[in-house]
Structures are given as structure tokens and as C-alpha cells.
Amino acid sequence: MKADFGFNLVKPGTSQIIRRLSDGDEVISTTAFGIFLAAESTDNLDFFESSKFQGISSVFFELTGGQSLSRSEKQFPFSLAGDIKGAAAEVSLGPGVYTLAATYKLSGSASTRTEQVNFRVVDPSAPPEPPVAANFGFDLIAPGTSNIIQQLKEGDEVISSTSFGIFLGAQSGSEFELFESAEGKTRVLFELTGSTELIRTEKQFPFSLAGDTKGAAAAVNLASGSYTLKATFKLVGASSTSTEEVNFSVADIQRPLTISPTKLKQWHPARVTFQGPRASDEPGSNVNPFLQYRCTAVFSHQDGSTVLTIPCHFAGDGEAAYTNGNGFSSGNVWRAYFNPIKAGAWSYSIEICEGEKVSVEDDATCSQIYTYSGNVGNVAATAHDKNSPDFKKRGIMKKAPESHFYHFGDDETDIFLRNGVGSPENILNYHEFDNTPDPNERSGARPKRGTKQHQFPKYVSLGDDSSNPFWGQNRDKGAGIFGAINYLTSLGANSQYMLTTNLGGDGDDVFVYSSPEGAGDRDDENNKQAAISFENRQWFDVSKLDQWTNLFEHMESKGMSLHLLFQEAETDQILDNGDLGPDRKLYYRELVSRFAHFNALIWNHGVENGNTVGQRKDFFNFVSSLDPYDHPNVIHNWPSQLDSVLQPLLGFQPMSGPSIQRTWNQVYEKVVEYYFESESEGNPWVLAVDETGPSSIGVPTDTYVPSNDNPDTAAILREVLWGTLLGGGDGMSAYFGYLIPDDDLDAEDFNTREAFFTSVTSTLSHFKSLGPVGLVPDTSYDATLFRVTANADSGTHVVQRVSCPSSTKKFVSDMDLSKSVSTKTFYAYTYDSENDSKVGCHTVGTGKLEIDFRTLGIDLCSGARVAVLSSTPCSESPEKPEESCPSSGRWAIADWNLDELIGKNFLFYEAQETGTIRANDPDLLERGLLP
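If you want it as C-alpha cells, here you go:
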């Protein structure tokens, strides 16, 4: 049986219908009536003949309210008070509010159905009720339905391509809803003035500006312009009329969008700005632009196969970085960032889908869709320059499927070796960003160790350059952090490790939300954070994120890559209790939309990640599916959980590699292990050591004097940097510990580690010069050796790391030169890099090489001496070692200070043409000359 059911008022003693009983109706208490369950036919409810009800065997009536009544009816007609031969028995009800429910089961259905109606019985002799206590306003309604799109508020802008109706609504709770009214008891006069004018009187509910059909709103078609809408009405029992009024505008969404800059170049990101629905980032606003809109841009290249699908974001008034201060941002501006990965012509299409939770639910329905489309124009090619600090001249940093290194653009020889700044991890707690209060003054915050806002006063003068992308109402904020980045990159640092949210964590001072309240509160006694459900988690600070973008643009131009960490160890359960739920999806989508266009970017799924294996894989898959540029995805571990985190992820394609935390003298063996193990599982990892223990020390200051078994910077360089590089990794990040001055949370002075960063830069420049294709650990030699496969004509290089013996100042190497294809005599000499002069030269022969540098009078442990092995005779003047190996491949260079205090105590040996020189002396281990 296909029928909709409801209730009819029936004249007692007959089966004659008085009228339909509808939700919200009023019935006069002196009226005599019965009530039948009825089936709908065309426009009216009508109780049908028994044949129409033959699928219903019984009906249970239940009346509650001013009086209560229940009854089970087992045959047609189904009457609340029973019937006599089809004639309704009377129902006598006193004044009050009632709910009537009828429960029944249709034939062929496994479950029961219930019809329900709410109505009021009134006494006409009673004094009139006071006016309805309600506030009134206007709702935009989806045409052909009674579904509310949004409130129409003062100053709103409505897109002209939006199809909508307008109802007068009464406020219920925090939302306007269609209000119930007894039919015929009031009327509404609508008056619309502006670019289009309309006057209409509505005499029954619902009260619609353009009328309705059975409660479904008719569409209002308005031209672009400004409007005033007035509704005049008289409430039941009121002696005077009431008026509601709203001023709003209608805008043409098809007006041209803007692309900046107008002349596009390959790898130079462009801001694509356009108008869409008006909204605000203030929590609790009527419409949540992050949750209730899904904005997506699709950019297509002329080749027909290159397509970038880019998440877009709400941008307030489009100038939030400069206009907002610490308030909330509102407007109708939306934005996408487009990074042209290829030269040539591109076209675009943009869609804004509106619907309940549409940004995080795949099966959500779009109630409205706004669109843009057009041509971007021609994108000029960018000449790849691997020596440029500006990543826009090198291209997007990514990993080739078979490589253990990141490379830039399409040039797999332009590899990335990491000289990372791992502290302060809360660098985005900078005092001039909007909505970034001192954590010691923010209600509910509990930072560890008295964390304060970063200001970097020492570097303000270095960042005070008019070309920098300052923010704020006077465009004068950011000099301190710009200067800090300038100083670090001048030392050769090329990666900055940054948390994007740490609420409830160590710093408890970095967040992306409009309001941090309720985000998560740390329980210090149990060292845990609370995962509190709160709506603020779904609202993002538009102006702050725009200001972060300004900082990141400056970093990109200076050659500082972005290493963004999504969560702290203490906060991995705050979003959706650790799952990939709506809050986490919203968070990832916002960050990908805002930052994925940067060329050198690594997504890190959390400091000391404590999620499950399944959750981690969900995170990787989701972010990879959102990111159109295929940036690296990595994960960080607790020191004791390295294997338990990494082993289940071997062979998992969305993961680019680990962000390793490891005790300082246990690095090499694990890097080598995962180099080959990841390769054997079909997904070679890029291996980086981003945090070294003990956690209290990390990478100490240059002047730190170690106690107990703690390392100084020389030990960090030898064991961590060289251990990573010799194991096949791409370098390290310097974590500053928590018991050292300028530590991981409060570092303000980077000069304390100037010598360290400079030493890392020197080492990485030599490693990059050895082989443009890849650096490969060779376990067929001693574990301390490292073979580099370079160009076909430049041979194989072998590195042996040695420690400078403190007593004998002697190094003996057992090298068999006969294994080289060259039979030339080799010579050893030293070069003083401080005085730019050769110190001495000695013939070392053609066969098995044994060098006692002490006997030769070569002191490798003083000054800036360099040991060089060459086929150039001593009688000639060999060219001095440069930062990179000469193209002839004849020099073996260790061009750094061998002073143990600085830690540059390593030697290079290089073969002639092709072949291998082996440097392998197991006795070195016994004599303590090798780690």
C-alpha cells in the first residue's frame, strides 16, 4: 500500500470529515468531534474504504497532554474513541496542548510506523493569550522545499546565481526556524525595495515573499544590487502591528576572479581569489564556512593529462593578514593557491558546494553549488637553478619512486641534503601573529618550563627590509622572525621544524583555531592530555593563517624548507580521539589548502606519534589524497618505539620515510638497516634524524663542555651527521634539548650554535659534490665505510671516518692502491685551509698503502689541516681543494678543520677514473680510532 497517513476531525455519529488535523492546529473546546486515522488522497486527507486499509490489521492510539487516552482499534475505520457501524464516537477534550500518536504496521513491512500530530484545544470564553514571545527574522529557503539555507542577516551578501526563497521565521534557540501558526489568525505584508521591487500579502502560514506551494517556497529572482526587505504583521492577541526589516545585497558571483601575480611562471605560486558566500571565522556564527562549504579548484594543463585538484579556503575579506588585528574575520572572499608545475597554457574550474558537513563527509549532498571557470593563460617556463637559495627556481621537492633522496623539479641530480633547525619547535608562537597570546597569560594554558612568546630581538635589524612580506594594519610586523630566518639561512640551514598545533603539549602555545579555549588540557600529574569535544575545533583563524603564509613565503625565498608537524606527542588524541574523523579531516584540509603550494614542504604526522598503525595509515592516505603536489609524508617516533612505529609501515607507499629520534651514538646502524629494509620492501625511504637524545641535551651549544656520557657538538657531528650520511640518510635537524640555554621551547639566540650549523653546511657541500645521483652505503666494506656511485667517468669514491687520536696523533690506513685501475704513484700532502697554503708532500707508493702521518710530520689534529691523497707529484703545485671536487676527479679532499673541539675530523679518499680504493683497517676499531 502506497499512502501517507494522518488524522481527520470527524462529525460525531457520522463519518463526515470536518477538516484535516494538522500539526500546530487549534481546536475549539466546545466543538464536538471524533478523530479517525486517514490516508492521503490528492490534496486532502480522507479516510478510505476498508479496501484501502486492508494492509493494516490494527492501530494503537495514544493521546497525551491535557488528558490522556489510549486505545487499540482492530478494524476499519480506525477511530480514537471507537465507532458504531463506521460512525465516529465523540472525543471530549478540555483546553490544553496535546500529542496524538497512531502506531500501525503495513503488510509486507518488517517494522511499525507511527503518525503523530501536536495540537491545542482552546476555550473561546477564556481571556486572550499574551502575544507570542518570539523574535522574528528572515530565512533563505531552498526553492521547492521548506529547507532553511541560512538566516538572512543585516549586511549579508547573497550570490545572484543562488536560487532561494524567503520566509518570515521565528527564532528558536540559536537558529531561525519556520514558526507554527494557526491558519488565518494573522497575515504578513512583505515589501522589498531596491534594484528589484516586490509587494505581497501572505494570509496563511508559511509566510513567503514569493508565495509557496504546499509549504514549499517559490524562488525569488533578484538582480545584483542593494535591497531592503520589510515584513509587517500582527500577532494573535496583540493590539498593534510588528515590523521586521533587513538590509542585504545581491552580488554577481560570475565577476572575474583575480590571479596574482598576473604573469605566471613555473613553480611560482599564484593566489587565485574570488567571491563566494559571505561568512565569518567567529565560532558560533550561523554558517561555518569550514564545515558547511567545500570549495575545490581544478587546474588543467594543455597536455590533457596534467590535472591539479586543489582544496580552497575561506579568506574573510581577502586582506585579513593586514586588516583583522586580534578580532574575527568576515567577508565573502575565497582563495586557492596554484603552483604551476609545468610551463604552458592552463585552464581552471572552481566549485563551491554548500551542504551539511559537506567538507568532511563524502556522501554529503550539495544544497547549493556556485561555480567559476575560465583560462589562466600561458605559464612561462622557469630555468632550473640548483644553486639558487630560492626554491621557486628549483621546483617542487619530491621523492622519485626508486630514490632515497628528495630532489627538486624534474632534476633528480638536484638532491636535498638536510641542515635542519629542529628548535624551537614552537617557533610559530611569535608575538606579532594575530591571536597568539603569551601562554603564561592565556586562560587554561599550562606550558612547561615557563615558555614565553618568541620575539627574536637580536635579529630585528636583519629582518627590517622593506622587501619582506610584513603583515599588520601598518604592514610593519614580522621583522624579528624574518631576521632569525635570514641569520639561520646565512649559516646554510635549509629546513625549519615547526608544530602547527601543540595545545595541551609542552609549549601549549601554537594553534590554528579562532579560539584555543577547550582545545585540550594537559593533566600534568598523569602526563596526559584530555580529548575534549568542542565546537571551536571546527573554526580556523583566517588572519593568523594568512600571516603564517607571509612567513613561509619569506622562508621559501631564502631556501628554508617547511617541515610542518601536525601534532604533539601529548595531543595525538585531541582530534576525534585519535581517529580520522571530521575534526581531523577539517584540520588537514585547511592546512593543505593554505600551504601545499610551497615548493619545499614536508608533512610530518606528529612528534613521537602515539596513534595506532591503522590510524597512521589513514592519516597518510587522507593527506596524500588532498595534496595535489605530492609532498613528502613522514612520521616521528619515541626513541624506544622506533621499530614498532616503522616496521608496520615498510612498503606503505604514501610514506616517504621516517623522521627519526635516536640516541646520539646509536644512529648509523639504524639508518643503514632501514635504508636496505625499506628498499627491499619496494618503497625506498628518505632517512633523516630529526631529534637526538638524550632529550635533555640534544644538540648543545658550541661552547658546551660535556659531562658524564653526554655529547658535545663534535660528537654530534661525528656520530649523528656522519652516521646518517654514511648510512644513506639525507642529513639531520638540530634539536636543542631542554636543559641547555636557548632550548627547544625558548630558543631566541641561534648564535649559540653558529659553528655547528656552519660545520654541517661544509660537510653537506662535500657530500653533494661526491655524487649527483645518490649516496649509497656499502656493507661489503667495514661498517664505517661509505661508497658513492657517481658519474660513469668519475669513478667510485670511498669515505672513511676516523677520530683524531688524542695521544699519538697518528693515523695508519691499510689501503691497497693496486685495486685501482690506475697504477700511478700516489702522494700525500697536507693543506692549511686557514693560511691557504700546502704544508708538505710525501710519496706513498703504488701498492698497499700504509701512512703514519706522525712519521711524515703531518699533524692532523692542529689548526685547519687537511689530508689530501693525489696522483699529482709533489714537485708540481696542485690546485688547492675547493668546496666541491674538481671535475677531473683527481682530488680526495677533506676540506674542514680537523680540530677535535670542532669535530671536523674526517678524511676523503678518491679513486682515479673508475674502480675502487678500499680503506679498511679493523685494527682501527680496537685502537679506538673509529666510533
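For the sequence shown, the positions run 293 to 1223 when our numbering is used.
Note that CB positions come from ideal geometry on N, CA and C, so glycine has one too.
Quick caveat, the model's predicted, so the values are computed rather than measured.
* 8 Å contact criterion, which Phe1059 and Leu1009 should meet: CB distance rounded -> With a Cβ gap of about 13 Å, Phe1059 and Leu1009 do not count as contacting.
* Keeping to the same chain, check which residues put their C-beta closer than 6 Å to that of Asp875; ignore five residues upstream and five downstream. => Arg829, Leu867, Asp868
* Asked: Which one of Thr404, Glu318, Ser307, Gly596 has the shortest CA to CA distance from Ser349?
  -> Thr404
* Mark Asp1001 as exposed unless 16 or more other C-beta atoms lie within 10 angstroms of its C-beta, in which case mark it buried. => exposed
* Asked: To the nearest whole angstrom, what separates the beta carbons of Asp1036 and Pro681, a pair I think is in contact under 8 Å?
  -> Incorrect: roughly 26 Å between the Cβ atoms, too far for contact.
* Asked: Whose C-alpha, out of Pro387, Glu971, Gln839, is nearest the C-alpha of Ala607?
  -> Gln839
* Neighbourhood of Lys690 by C-beta, 6 Å cutoff - its chain only, sequence neighbours within 5 removed -> Asp922
* To do: Taking 8 Å as the cut-off, decide whether the C-beta atoms of Val650 and Gln567 are in contact.
  => no
* Asked: Should the region 435 to 449 be called in touch with the region 535 to 545, which here means at least 3 C-beta pairs below 8 Å?
  -> yes
* Closest Cα partner of Asn670 within the set Ala692, Lys678, Ser639 -> Ser639
* **Pro1033 beta carbon less than 8 Å from that of Thr1044** => yes
* Could you tell me whether the Cβ atoms of Asn896 and Leu856 are closer together than 8 Å? => yes
* Would you mind sorting Gln367 into buried or exposed? The rule is 16 or more other CB atoms within 10 Å of its CB. => exposed
* What is the DSSP secondary structure of Thr705, counted as helix, strand or coil? -> strand
* Flag this pair as yes or no: are the beta carbons of Phe1048 and Thr995 separated by less than 8 Å? => no
* C-alpha gap between His889 and Tyr1030, whole angstroms -> 34 Å
* Endpoints, alpha helix (DSSP H) assigned at His746 -> Unbroken run through His746: none, as it is neither H nor E.
* Asked: What did DSSP end up calling Leu313 once you bin it into helix, strand or coil?
  -> strand
* Write down the C-beta distance between Val713 and Gln788 rounded to the nearest angstrom, noting that I regard them as a contact closer than 8 Å. => 5 Å
* To do: With DSSP as the reference, label Ser371 as helix, strand or coil.
  => strand
* Contiguous beta strand (DSSP E) assignments of at least 3 residues, all confined to the region 936 to 996 -> 949 to 955, 980 to 985
* **Closest by C-alpha distance to Asn410, when choosing among Thr488, Ala381, Asp317, Gly429** => Asp317
* Burial state of Arg627 (16 or more Cβ within 10 Å) -> buried
* **Bounding residues of the beta strand (DSSP E) (the contiguous stretch that carries Phe844)** => Premise fails: Phe844 lies in the alpha helix (DSSP H), 834 to 850, not in any beta strand (DSSP E).
* **Alpha-carbon to alpha-carbon, Ser621 and Leu301** => 54 Å
* To do: Rank Gln584, Phe1042, Pro435, Ser518 by C-alpha distance to the C-alpha of Val512 and give the top, closest one.
  => Pro435
* Asp1191 by DSSP, collapsed to three states: which one? -> Per-residue confidence for Asp1191 stands at a pLDDT of 27, beneath the threshold of 50, marking its modelled position as unreliable; the derived number appears in the next sentence. Reduced to three states, the DSSP call for Asp1191 is coil.
* If you draw a straight line from the C-alpha of Pro387 to the C-alpha of Lys526, how long is it? -> 24 Å
* To do: Identify whether Leu432 lies in helix, strand or coil by the three-state DSSP scheme.
  => strand
* Are Ile927 and Val937 close, meaning C-beta to C-beta below 8 Å? -> yes
* **Buried or exposed (CB count within 10 angstroms, at least 16 for buried), Asn903** => buried
* Asked: How about Leu941 and Arg908: are their beta carbons less than 8 Å apart?
  -> yes
* Which partner residues of Ile644 appear in the DSSP bridge assignment? -> Cys587, Tyr662
* Asked: With Leu372 and Val383 assumed to form a contact (beta carbons below 8 Å), what rounded beta-carbon distance in angstroms separates them?
  -> 6 Å
* **Secondary structure of Asn1043, DSSP reduced to three states** => helix
* Buried/exposed call for Pro416, threshold 16 Cβ in 10 Å -> exposed
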